[in-house]
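Student: Sharing a structure below in structure tokens format, with a few things to ask.
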Amino acid sequence: MIIKVVISLDNHYAFPVKASVIDELPIQFQEREWIRRARIEKGEMHDLEYLLKPMTRGEYVFNNINVFAHGPLQLVKRRFIFEATQTVKVYPSYIQMRRYQLLAVSNRLQEAGVKKIRKIGHSMEFEQIKEYVRGDDYRTINWKATARKDALMVNNYTDERSQQIYCLINKGRVMKMPFNGMTLLDHAINASLVLSNVALVKQDKAGVITFEKNLDTFLQADKKPMQMNLILESLYRQKTDYLESDFEKLFSVIRNRVTNRSLLILFTNFESLESLQREMGALKKIAKYHLLLVVFFENTELKSLIEGDASSLEDIYIKTIAEKFAFEKRLMVKELHKNGIPSILTTPENLTVNTVNKYLELKTRMSIKFFNRLQTLFFARWIKQHLSRDRFC
170 MIIKVVISLD NHYAFPVKAS VIDELPIQFQ EREWIRRARI EKGEMHDLEY
220 LLKPMTRGEY VFNNINVFAH GPLQLVKRRF IFEATQTVKV YPSYIQMRRY
270 QLLAVSNRLQ EAGVKKIRKI GHSMEFEQIK EYVRGDDYRT INWKATARKD
320 ALMVNNYTDE RSQQIYCLIN KGRVMKMPFN GMTLLDHAIN ASLVLSNVAL
370 VKQDKAGVIT FEKNLDTFLQ ADKKPMQMNL ILESLYRQKT DYLESDFEKL
420 FSVIRNRVTN RSLLILFTNF ESLESLQREM GALKKIAKYH LLLVVFFENT
470 ELKSLIEGDA SSLEDIYIKT IAEKFAFEKR LMVKELHKNG IPSILTTPEN
520 LTVNTVNKYL ELKTRMSIKF FNRLQTLFFA RWIKQHLSRD RFC
């Protein structure tokens, strides 16, 4: 995105002036020698235009405008300071988000690399009654509607809606690692925006939680029309901190504030098996009450080291260590799976499509609400047994 800035200069002197303009640009540009010059005739207005291209999201603060003006003789120079403080919000790219939204609305997500998942059985979310066509499941025939219409009618079902989807984004130091000019946090935020947008298109409720040593942002899952704007506002200025994230505090917040069973997609990173094992206790407690999906990143630099040729003893040592770390990443996937926690190990460039794929897979297989139904069935059976026992006594 390119920002066009216009500074209007109006000459009220009775003679032409030469002006040197210094605009105090946002600190993100690191521009210390910015200056523009212009000649302005008497009584005229001159527009000074320039372009800026912000490379990171966040708040860009423009400060004062300094103008140094001198007349034709150039004997003296007068300084004018104009208070023009203005904050410009730079949001993450809309392009990818809108692309996925359009494909989701038209059921063409396969064009973006999203897999089409075969359903096992059908969901129980009723959509409409329609006329029977060849290939419809005869078990869904609605006999009452058939009798009324004098034509074979069937119930049509759709994917379950209004399921709660939360993106949990770790802002700790592990997310500071760069990839293609962006940090892992940037990639996680972009993927969260796309995923939240797809979830809202699919009539689910989307929410966001960001955390580090303490909870930073908690946006309740909802599907109201302004929810996507609220998610954008909560994510555009998030920054990585150099602190260790507290997963126990995250569990405490989720336990107290996310009351219904939800799909929690945790964007984080683990560089060693020991770092995963330190947080495994908190992850298991979260997975006890919700469907937790852990998303972490492959180290692409290690891959290039492993695939490269080793021409010296030092290269062999480096390649062996790289293979050890890459193997540990695969061990982490197995460790999470062993504890009943699904996970995605992905490169940053494939993060979005892999996460959307997994969300649609879990949604199609009705994994999110299955546990709730099981709990309800068990509780109803328990109540029935105790009531019959009390009656017998």
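In terms of the numbering used here, the sequence shown opens at residue 170 and continues consecutively.
C-beta: ideal position from N, C-alpha, C; glycine also.
With DSSP collapsed to three states, give me the class of residue 342.
Tutor: Three-state DSSP puts residue 342 in a helix.
Student: Would you identify the three-state DSSP class for residue 511, choosing helix, strand or coil?
Tutor: Note: residue 511 maps to coil in three-state DSSP.
Student: For residue 173 and residue 196, I'd like the C-alpha separation in whole angstroms.
Tutor: The alpha-carbon atoms of residue 173 and residue 196 are separated by roughly 17 Å.
Student: Counting beta carbon pairs with one atom in the segment 407 to 421 and one in the segment 441 to 453, are three or more of them shorter than 8 Å?
Tutor: Yes, since at least three Cβ pairs between the segment 441 to 453 and the segment 407 to 421 fall closer than 8 Å, the two stretches touch.
Student: Check whether the segment 298 to 307 touches the segment 338 to 352, counting contact only when three or more Cβ pairs, one atom from each stretch, lie closer than 8 Å.
Tutor: Contact between the segment 298 to 307 and the segment 338 to 352 is absent, because fewer than three Cβ pairs lie under 8 Å.
Student: Near residue 470, what residues of its chain come up, given a Cβ to Cβ distance below 6 Å and the 5 sequence neighbours on each side ignored?
Tutor: Closer than 6 Å at the Cβ level, and outside the excluded window around residue 470, lies no residue.
Student: Please classify residue 322 as buried or exposed, where buried requires at least 16 neighbouring CB atoms within 10 angstroms.
Tutor: Per the 10 Å Cβ criterion, buried.
Student: From which residue to which residue does the beta strand (DSSP E) around residue 192 run?
Tutor: Residue 192 -> beta strand (DSSP E) spans 186 to 192.
Student: Taking C-alpha atoms, which residue in 442, 475 and 246 lies nearest to residue 488?
Tutor: Of 442, 475 and 246, the residue nearest in Cα terms is 475.
Student: In the DSSP output, which residue or residues are listed as bridge partners for residue 216?
Tutor: Its beta-bridge partners are 177.
Student: So, are the CB atoms of residue 188 and residue 253 less than 8 Å apart?
Tutor: No. Outside cutoff.
Student: Check this for me: beta carbons of residue 217 and residue 190, under 8 Å apart or not?
Tutor: Going by C-beta atoms, residue 217 is nearer than 8 Å to residue 190.
Student: Only counting runs of 3 or more residues, tell me where the beta strand (DSSP E) segments fall wholly within the segment 388 to 470, in order along the chain.
Tutor: The qualifying runs are 432 to 436 and 460 to 466.
Student: Going by DSSP, what residue range makes up the alpha helix (DSSP H) through residue 210?
Tutor: Residue 210 -> no alpha helix (DSSP H), and no H or E assigned at all.
Student: Contact defined as beta carbons within less than 8 Å: I believe residue 514 pairs with residue 465. What is the distance between those atoms, to the nearest angstrom?
Tutor: Indeed, because the Cβ distance is near 6 Å, the residues count as touching under 8 Å.
Student: Among residues of its own chain, excluding the 5 on either side of residue 203, which ones have a beta-carbon nearer than 8 Å to its beta-carbon?
Tutor: Contacts found: 191, 192 and 194.
Student: Thinking C-alpha only, which one of 440, 482 and 523 is nearest residue 501?
Tutor: Nearest of 440, 482 and 523 to residue 501, Cα basis: 440.
Student: In this structure, what does DSSP give as the bridge partners for residue 322?
Tutor: Residue 322 is bridged to 300.
Student: Excluding the 5 residues flanking residue 271 on each side, which residues of the same chain have their C-beta closer than 6 Å to its C-beta?
Tutor: With a pLDDT of 49 at residue 271, under the threshold of 50, the predicted position of this residue should be treated as unreliable, though the coordinate-derived value follows. So the list is empty, once near-sequence residues are dropped.
Student: Going by DSSP, which residues form a beta bridge with residue 379?
Tutor: In DSSP, residue 379 forms a bridge with 338 and 386.
Student: Which of the three DSSP states, helix, strand or coil, is assigned to residue 197?
Tutor: Of the three classes helix, strand and coil, the one that applies to residue 197 here is helix, per DSSP.
Student: Using CA atoms only, rank isn't needed, just tell me which of 178, 363 and 229 is closest to residue 522.
Tutor: Of 178, 363 and 229, the residue nearest in Cα terms is 363.
Student: To the nearest angstrom, how far is it from the Cα of residue 483 to the Cα of residue 490?
Tutor: The alpha-carbon atoms of residue 483 and residue 490 are separated by roughly 11 Å.
Student: Does the segment 393 to 413 come into contact with the segment 224 to 232, if we say contact requires no fewer than three beta-carbon pairs (one atom in each stretch) closer than 8 Å?
Tutor: Counting Cβ pairs under 8 Å, three or more are found: they touch.
Student: In this structure, how does DSSP classify residue 238 when only helix, strand and coil are distinguished?
Tutor: DSSP places residue 238 in strand when its eight states are reduced to three.
Student: My output table needs one value for residue 252: the three-state DSSP class, helix, strand or coil.
Tutor: DSSP places residue 252 in coil when its eight states are reduced to three.
Student: Can you say whether residue 455 is buried or exposed, counting buried as having 16 or more other CB atoms within 10 angstroms of its CB?
Tutor: Residue 455 should be labelled buried.
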